[in-house]
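Peer 1: Residue 176 is where the sequence shown starts when you use my numbering, and the numbers rise one by one after that. Below is a structure I'd like to ask you about.
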Amino acid sequence: MPETTTLNSVCVGPSACSAIRTAQIYYWDLHRSRTGTWYSTGLGACGISNTDSDHIAAVSRILFDQYPGYAGGDPNSNPVCGAQIKANYQGNYVTVTVTDRCEACAETDLDFSPAAFSKLADPSVGRITGMTWSWA
176 MPETTTLNSV CVGPSACSAI RTAQIYYWDL HRSRTGTWYS TGLGACGISN
226 TDSDHIAAVS RILFDQYPGY AGGDPNSNPV CGAQIKANYQ GNYVTVTVTD
276 RCEACAETDL DFSPAAFSKL ADPSVGRITG MTWSWA
C-alpha cells in the first residue's frame with residue numbers, strides 16, 4: 176500500500192491550485208488499485224441514483240474525502256463525482272463513472288456496479304486482485 180499523503184493544501188492563486196491538483200491526481204494515477212469488488216447500487220454518495228446495469232464505481236473514502244477541490248461538507252459537490260476511470264484486469268477493460276464512496280475500500284481500490292465488474296471478470300469471483308486503473 177502506498178504511503179498516505181495529506182492532500183489538504185493551501186495555495187495562492189488559480190495557477191498554484193491547479194498545479195497542486197494536477198500533482199495530486201498524478202499521485203493517485205501512479206498508485207493504482209490492485210483490488211476490485213462489486214456491490215449492489217442505489218443512491219450513491221454523489222447524490223446520484225444508479226442501477227446495477229450502470230457502469231459506475233465507488234472510490235475509497237480516503238480518495239473521495241481528500242480529492243483535490245473537495246472541502247468536505249456536501250458530498251454531492253465533490254469534484255470526483257462524475258470523473259471517469261478506465262479499469263483493466265487480465266486484458267479486459269471497462270470505463271466507469273465515479274458516483275459513490277466505498278467505506279471498506281483501501282486507498283486506491285474500486286468497488287464496481289455488477290455490470291461494470293462483469294466486464295472485467297465473472298461476478299462469482301467477487302474480488303479481483305491485480306487490476307489497474309487510470310483516470311480516463
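The beta carbon of each residue, even a glycine, is placed where N, CA and C say it ideally should be. Here the structure is a predicted model, which is why all the values come from computation and not from measurement.
Should P298 go down as buried or exposed, given a rule of 16 or more other Cβ atoms within 10 Å for buried?
Peer 2: So P298 counts as exposed.
Peer 1: Buried or exposed, going by whether 16 or more other CB atoms sit within 10 Å of the CB of S224?
Peer 2: exposed
Peer 1: Determine the burial state of S288: buried for a count of at least 16 other Cβ atoms within 10 Å of its Cβ, exposed for fewer.
Peer 2: Using a 10 angstroms sphere on the CB of S288, the tally of other CB atoms reaches 16 or more, which defines it as buried.
Peer 1: Answer with buried or exposed for W310, where buried requires no fewer than 16 other C-beta atoms within 10 angstroms of its C-beta.
Peer 2: exposed
Peer 1: Roughly how many angstroms separate the alpha carbons of A233 and V269, rounded to a whole number?
Peer 2: 14 Å
Peer 1: In the DSSP assignment, find the unbroken alpha helix (DSSP H) run with L218 in it and report its ends.
Peer 2: Unbroken run through L218: none, as it is neither H nor E.
Peer 1: Count Cβ pairs between the stretch 290–308 and the stretch 251–258 that sit closer than 8 Å; are there 3 or more?
Peer 2: no
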